[in-house]
Amino acid sequence: MYRRILVAMDSSDMAKKALDRAVKLAQLTDSEIYVVTVMKEKSSHETAKAERIIKEAEDYINSQGLNAETFIKEGEPPDEIVFLAMKKEIDLIVLGSRGETGVRRILIGSTAQEVIRFAECSVLVVK
């Protein structure tokens, strides 16, 4: 079914739900799990935040008896997520939806929408 699962993380509760779902899928399918967080611009504050997100994800994954390969990327989140998925031959991308609605969704778009549009693999959006 799935051999490689990529989880896109930020600091939202939806991302934590996505991580939990990805871990459960990895356990069921004996898949490798990868975790990525993306900084729009590199700064000491953003780097520290990204490192904390990755550490928390790694700690959770390890507590579930799994290991993960982790990545901190810089750029536009949808672009970096899709590029990494292609590079690592990912079968499934799992990410959370923040539930943007109305004008805000139209104006700024949604990382999940962009990943769905451009990914060459399956995408699971967790609400």
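Numbering (the working numbering), first residue to last: 1076 to 1202. We treat Cβ as the ideally placed atom computed from N, Cα and C, and that holds for glycine.
Asked	Found
Nearest to Gln1139 (by Cα), restricted to the options Val1198, Met1076, Ile1128, Arg1096	Arg1096
CA-to-CA distance, Leu1141 to Glu1149, given in whole angstroms	26 angstroms
Every unbroken alpha helix (DSSP H) within the segment 1118 to 1166, with a cutoff of 4 residues, ordered by chain	1119 to 1138, 1152 to 1162
At least 3 beta-carbon pairs within less than 8 angstroms: the segment 1149 to 1160 vs the segment 1183 to 1195	yes
DSSP-derived helix/strand/coil call for Glu1116	coil
Integer Cβ distance of Asp1166 from Tyr1109, believed to fall under 8 angstroms	Their Cβ separation, rounded to whole angstroms, is 11 angstroms, which puts Asp1166 and Tyr1109 out of contact at 8 angstroms.
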